[in-house]
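Numbering (the working numbering), first residue to last: 771 to 1152.
Cβ atoms here follow ideal geometry from the backbone N, Cα and C, with glycine treated the same way.
To start, the structure under review is shown below, and the notes come after it.
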C-alpha cells in the first residue's frame, strides 16, 4: 500500500484504516510541504513512522522537470541535502527515493549515479508500451540499470495501481492476477478523503488483502527480498501462475493470473488437489522475473469437446539490457500436442536467457475450440 505526495488524508484516513487491518504502508513525503495546509504535519509523519510505516523521500518540492535535467545537478544536491535533513531531524532515516514524475524521458544514468549513494533504492514510472500496466522501474544501490528489479532470478516485481472509487474491482483483479504472476503489486494512492470515495477504496483493498491472507510488505521489505531472494524464495519454486488453479480471489470465474479461460464445472476433476480450467485459443499467462537457465514446462490437458484437436504452446520473451532498453521478441513454439477425450501429460524443456525480463505463455487450439487443463508447471533445473 503506497501513498504519495504527503497529503493530509494520509494521516486522518489512510493511517487509521491500515492500523485497523494490521497492515503497513509506504508513504512518499514531499518534505518541503510538511506543515503546510493540505499536507502532513511533521508530528504526524513521526507518529506513522513510529507505528512501523515506511517513510520515503518524495523530494523536497515535487519538481519533476528539475530531476529530468542533468544540467541541474547543483539543484539536485541542494534539494537532496535539505530533504534528507528534514527527515533526519524527525528521527527518520529513509531508504528510498520516489520520483515525483517518473516518465521515461526523466530517468537518466546521471540521475541514478547521483541518487544511489544516498538511498537503497530509487523508484518511478517508465514508458513501456504495450505493457503499460506493469511499468514501474526500480533500481537498487550497487545495481544500477540491473535487470529491471535487481537481476536476481525469481524475484517479486512491482505493479503500480492508481486507485480510485471507480476502479476498486479492477484493483482487486490486478492484485489477484499480479501476485500469481510473480509481482509485488502496489496500490498507489495520492489524495485519500471521504468526499471522492478514496478512503472507502483504501478500506476495500485492505479488507480484500486480509480476507485472502495475501502476503504484504513495505517497499523497503520488497527491496530486501530482491537483494536477498533466497531468504524469501525457494530456488525450485514453481514459477507458473496459480499452478493448481485454486485461487480466484477476485471472484470473476477464472483462475487468478490467467486470461482467455474460465473454470470448468465443479464436476470435472482430474486430480484431488486442483481444479480444471477451460482455455480458448489465445488463453495466456505471464511469468515475471523468470529464473534463467534450462527450464521444464509441462501441462496435463484434454479436448473440452472430446473431439481431436491440436494444442500449440508459444513463449514470447521480453528482454532488458543494462541501459533499461526493452526488446520484444517474437512468439516461439515450445510445445505441440494432439489431444483427445482422455487426459494426457506433455512436457518440454526451454532455455531462458539471462536478460529475459518476462515471458508470455499462450495456448493456441486448432480447429478452433477449447481445451481443459488440470496442471501447469514451469520449473528451472528439471
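Check                                                                                                               : Outcome
Close Cβ partners of residue 902 (< 7 Å) along its chain, the five nearest in sequence each way excluded            : Note that residue 902 scores a pLDDT of 41, beneath 50, so its modelled location is shaky and nothing firm can be said.
Inter-residue CB distance, residue 798 and residue 781 (contact presumed, cutoff 8 Å)                               : That pair is no contact at about 14 Å.
Straight-line gap, residue 921 to residue 1076 (C-alpha atoms, nearest Å)                                           : A caution first: residue 921 carries a pLDDT of 27, below 50, which makes its placement in the model unreliable, though a value can still be read off. One C-alpha to the other measures close to 44 Å.
In DSSP terms, what residue 850 is bridged to                                                                       : Partner(s): none; residue 850 has no beta bridge.
Cβ contact check for the region 967-979 and the region 787-802: 3 or more pairs under 8 Å                           : yes
CB of residue 800 within 7 Å of CB of residue 776, strictly                                                         : yes
CA-to-CA distance, residue 879 to residue 1084, given in whole angstroms                                            : 35 Å
Residue 855, buried or exposed, once every other Cβ within 10 Å from all chains shown has been counted against 16   : exposed
Straight-line Cα distance separating residue 857 from residue 863                                                   : 7 Å
Beta carbon of residue 1115 nearer than 7 Å to that of residue 1070                                                 : yes
Buried versus exposed call for residue 844 [16 or more other C-beta atoms within 10 Å across all chains shown]      : exposed
Residue 976, DSSP secondary structure in three states                                                               : helix
Residues near residue 1100 by beta carbon distance below 8 Å, same chain, minus five either side                    : 1086
For residue 1140: DSSP bridge partner residues                                                                      : 1050
Residue 771 in three-state terms, based on DSSP                                                                     : coil
Outcome for residue 1136 when other beta-carbon atoms lying within 10 angstroms are tallied against a minimum of 16 : exposed
Proximity of residue 726 and residue 982 at Cβ, strictly below 7 Å                                                  : Absent from the model: residue 726. The displayed extent of the chain is 771 to 1152, so no value can be given.
Closest residue to residue 891 among 958, 990, 951 and 804 (Cα-Cα distance)                                         : 990
Residue 945 vs residue 954 beta-carbon contact at 7 Å                                                               : no
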